[in-house]
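Scroll down for the structure; my scribbles are underneath it.
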Amino acid sequence: MSSRALFLRVATFVVLGLSSSLAAAATYYVATTGSDSSGDGSTSKPWGSIGFGTGRLASGDTLIVKAGTYSGIANFINSRRYAIANGTASAYTTIMAEQPGAVRIKNTGTLDYYDHFLFLESTKYVKVDGFIFDHSNSQYPPYTASITGTFNKATRNIVRRSGPTEQYGGWWYVSGTDNLLEDCAGVGSARYGFSVGGPSDFSQRIIIRRCVGRVDYSISSEPKATFNVYGNDNGSFNVRDVLLQNLVAVDGRKGPTTGDVTYGAYYFPKNPVNVTIQGSIALNVEAEYAGFFIKELQGQNIKMIDSIAWGSYGPSGVAGLRANSTSGKSADYLVYDHLTIGANSVAYYNKDGATTRELTNSLVYNNGGLASGSDFGWTKSVANAFYPSSPTVGTGAIAAKSTDLKYIVRAESGSGLSSKASDGRDVGANVTLRYGKTGTLWGEAGYDQRTTEALWPWLLEDKIKSVFAEANTPPSGAVPSTNNTTRGFAAATDQFGKPMTLTRYVWQYLGNEIPADIYGNGTTPVPTPTGVTATLISK
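Note that the sequence shown covers residues 120 to 658 in my numbering.
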C-alpha cells in the first residue's frame, strides 16, 4: 500500500472516529407544556418531566429545562430514582435550567429519606445548573440536595426549605471526592445549611465556592451552623482537603438551646484535616460561641485568609473567632492571616493546641474585648492593627483609627492600614475579588488562587434576594418562632433609597454608601451559561 493511501485511510478513520464521538453528545428539552408519552425531547416536542428526561440522557448529553414550576418526585434530579449517565472529564452530562433561577422544583407531599430534590449518588462528571429547589413541609430527606459521587458540579442553584426539618437536616450535603458546589444559596430551616463530612465519611478534595446562606429557624436539638465541615466519628482523619471560598453567612438566627446550640456561622466540630477558608464572611449571625468556630476536638491544619467575622451576637462572650482543638499532631497548625474581626463581644477565643498558631496582618476593630478566657497565645503574631489601640498582641502592632475602615470588605487607600502588612498588602481582609477560577475542581489550574475578577456585584443576587424574601412561617416548636424574611439584604430599599441587594448590604454595613463603580450601570446581569458544549444533534 502506498504511503499516500495509508495516510488517507488513517485520516478517514480519525475523522470518522471524531465525528462519531462528537455526534454522540445531544441536547434535549423538558417543558411544563411537554409530554413524556408523545414528546421526543426536541425543543418543539419537549418531554414533560425532568426525571423522565434525565433517565434518557447518554454520557455527555445536555438536558435543558424550560422556565416554570415543576412539582412532584417525577421532577427531582435524583440518580437513585432516575439513572443519570456519567459524563467524562471533557464532556459532562449536564442538566440545566434554560435560565438560572427560572425553574423551580417543588414537592407535593411528604417525602422519604432518600427523596433528595438533587441526588448525585455515585455519579461521575455530572453538572446541575440553575435550579430553585423548594422543599416544604417534609422532614425528609435530611438534606434537600446531596452530592456523594465524584467530579460532580452543582452551580447557580438555590435551596429554600420551610416547615419541619429532620434533626440532622439542612440544605446542601457534599461528600464523595473532587466535587464542586459553586454560586449556590440556601435559606430557611436547617440544622446545618451546607455540610461536608459525616459520622463514617471520607470526603476529600471538596470545594464550596461563592455560596450564601441564611438560617431562619430550626427545630433541631443537635449542634447547628450555616456552614459545617464535620469531619467524621471514626478517628480516621479521612475528611480532608476542603476549600471554602467567598462564602457569606448572613443574618442567621440561633436555633433551640435545649440539647445542643448554634455553635457558629461556621463550625468544624470533629476531625477535619487541611481545611482552608478564603475570602469568606460571617455577618450579623446569632450564635452561642463564635462567628467562625473552626477547630474543635481533633481538627487539624486549618487556615483562614482574607475573611471577615463581623457582628456575631448572642450570649456574653460570643467571639469573632474560636479554636480549641487538641489533635495531638506535631505538625498541626492554625493560621489566621489578613482577617477583619469587628463588632463582636470578643475578638477571639484561642485555646488551641496546635504547634503553630499564627495571627498576622489582621484588623481587630471595635470588639467588646480582645481575648476570651485563658488565652493560649500565638507562636507568631505580627503586623496586626487594633482599634481601640489597646490592648494589643504581638510585634509591630498598629494603632488603627475609626476612620481607617469605611467598608468592612477592604481597607481604604491612604489609610493607616494601607500597605502596612508584613507582605506589603493592606492590613485586614480584602474581600473584593473572587477566589478560585470559576468551574475549577481541586488541583486544576487556578482552583485555589485569588483571581482578578470582581466578587461584587454578587452573582444572581436579585434572584437570591427574591427567594430569601418569600414568606416562611416557622412551624410549631421552631426557634425562633417568628421569621421576618425581608430583613437585612432582603429589605426593599437601603438607607440611601436604592434597591437593597446583598452587595449594598455588605458594603454599606458601616453606614457609608457603596462606591459608584461597584455597580457601573446599576444592574446585575444574568450570566451566560458556562460549561455547556455546542449541540450537534437535536432530535
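Note that CB positions come from ideal geometry on N, CA and C, so glycine has one too.
Reduced DSSP secondary structure (H/G/I, E/B, other) of F171: helix
C-beta atoms of G312 and V334 nearer than 8 Å: Yes, the pair counts as a contact, with Cβ atoms nearer than the cut-off.
Close-in-space but distant-in-sequence residues of the same chain around V465 (CB under 8 Å, 5 per side omitted): Closer than 8 Å at the Cβ level, and outside the excluded window around V465, lie G436, V437, A438, G439, N486, G487, G488, L489, A490, S491.
Boundaries (first-last residue) of the beta strand (DSSP E) holding I424: 419–429
Spatial distance of L300 from Y262 (CA atoms): 14 Å
Pairwise C-alpha distance: P576 and Y638: 6 Å
Nonlocal neighbours in the same chain, by C-beta distance under 6 Å from T227, ignoring five residues either side: S190, G191
Whole-Å CB distance - I396 paired with A428, under 8 Å assumed: That belief does not hold up - the Cβ atoms of I396 and A428 are roughly 11 Å apart, past 8 Å.
Residue range of the unbroken alpha helix (DSSP H) whose run includes D456: Secondary structure note for D456: it is in no alpha helix (DSSP H), and the uninterrupted beta strand (DSSP E) holding it is 452–461.
Cβ shell of G535 (< 8 Å), same chain only, five flanking positions each side left out: A504, I517, A518, A519, K520, D523
Backbone secondary structure at L363 - three-state DSSP: strand
Contact set for K272: own chain, Cβ-Cβ below 6 Å, skip 5 residues either direction: K246, L299
Whether S449 touches Q419 by CB criterion (8 Å): no
Distance cut-off 7 Å: G436 Cβ against heavy atoms of the ligand NAP: Of the ligands one can find in the structure shown there are none, so the ligand NAP has no counterpart to examine.
I656 classed as buried or exposed, judged by whether at least 16 other C-beta atoms fall within 10 angstroms: The pLDDT assigned to I656 is 38, lower than 50, so where the model puts this residue is not dependable, and the model offers no usable value.
Where the beta strand (DSSP E) through K343 begins and ends: Residues 343–350.
Identified DSSP bridge partners for M215: Bridge partners of M215: I183, D248.
Strand pairing of F587, partner residues [DSSP]: Looking at the DSSP assignment, F587 forms no beta bridge with any residue, so it has no partner.
Residues of its chain near G249, where Cβ-Cβ distance is below 6 Å and the 5 sequence neighbours each way are ignored: Correct list, in chain order: M215, A216, P219, R275.
Per-residue DSSP class, three states only, for F321: coil
Simplified DSSP assignment, three categories, for L482: strand
Buried or exposed by the 16-neighbour rule on C-beta atoms within 10 Å, applied to E572: exposed
Cβ pair count under 8 Å reaching 3, the segment 382–390 against the segment 341–356: yes
C-beta atoms of K414 and N443 nearer than 8 Å: yes
8 Å Cβ cutoff met for T242 and I183: no
Three-state secondary structure (DSSP) of V546: coil
Every unbroken beta strand (DSSP E) within the segment 392–419, with a cutoff of 3 residues, ordered by chain: 392–397, 400–402, 409–416
Rounded Cβ spacing between N403 and V369 (contact assumed at less than 8 Å): Between V369 and N403 the Cβ distance is about 7 Å, and since that is below 8 Å, they are a contact.
Per-residue DSSP class, three states only, for W626: helix
Where the beta strand (DSSP E) through D335 begins and ends: 331–336
Classification of F615 by the beta-carbon crowding that lies within 10 angstroms, buried from 16 upward: A residue is called buried when at least 16 other Cβ atoms come within 10 angstroms of its Cβ; F615 does not meet this threshold and is exposed.
Bridge-paired residues (DSSP) for E301: Per DSSP, T274, R328.
Pick from C330, I325, Q286, L363 that is closest to P342, judged by C-alpha positions: Considering only alpha carbons, the answer is Q286.
Nearest neighbour of W290, chosen from Y148, S538, D253 [CA to CA]: D253
CB of Y233 within 8 Å of CB of R280, strictly: no
Alpha carbon of D451 to alpha carbon of A473, nearest angstrom: 5 Å
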